[in-house]
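Peer 1:
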Amino acid sequence: MSFITAFIWAYFLWLVLTAGSKGMLWSTQELIAGLIFASIVGYSTRNIIGEKASRFLNPVKWILFVAYAPVLFWGMVKANLDVAYRVITGKIRPGIVRVPVELENDAQYTILSNSITLTPGTLTVEACPEEKALYVHWINIPEGLEWPENSEPVSGPFEKWARRLGA
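Each number in the numbering used here comes from the position in the sequence shown (counting from 1) with 2 added on.
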């Protein structure tokens, strides 16, 4: 099942990335190349996905992911504007903060870590599930938030979405 899941995701990504490149939706060569590459990716990642492969095929998760995309995009826009302001003014106070989180599995940690890293001005340095924390490099640590009590100041709504998407 994990091969099939990885194959479907890889082929879907291939189709999205190659759509309309030759004046039509896909050429025959693109479809065949996608099958070959998706097979290679599916075979090489089958052990990484493991026994929980079916959750990647859950249509509810796909709908949630589509709903999360604008939230992530808006977070990236706000962070870009903040970083631009910091570059122009030179007002930065960088450092690494320990961000406590309430996540339950590796998928949730991965989703949250990547979401934080995708927003400019923050970079997840380490995820520590045993401590229930992430260590994040933050371009501007506001006064009083050197030790945040939750992830909200650093990640905004991303932790709630990570719990929904990674469950």
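Virtual Cβ for every residue (Gly too), placed ideally from N, Cα, C.
1) What does DSSP give as the partner residues of N142 in its beta bridges?
2) DSSP on P61, reduced to helix/strand/coil?
3) Out of E148, L17, F75, D108, point me to the one whose CA is closest to C130's CA.
4) I need the DSSP call for V127, collapsed to helix, strand or coil.
5) Quick check on P102: does DSSP put it in helix, strand or coil?
6) How is A169 classed by DSSP in three states: helix, strand or coil?
7) So I118 packs on V156, CB below 8 Å; how close in whole Å?
8) I need the DSSP call for A109, collapsed to helix, strand or coil.
9) Can you confirm whether the stretch 95 to 105 touches the stretch 136 to 151 when touching is taken to mean that 3 or more C-beta pairs between the two stretches lie within less than 8 Å?
Peer 2: Based on what the coordinates show:
1) R95
2) Looking at P61 - three-state DSSP - the assignment turns out to be helix.
3) Ranked by how close their Cα comes to the Cα of C130, the residues E148, L17, F75, D108 have D108 in first place.
4) strand
5) strand
6) coil
7) 7 Å
8) The answer is helix: DSSP assigns A109 an H, G or I state.
9) yes
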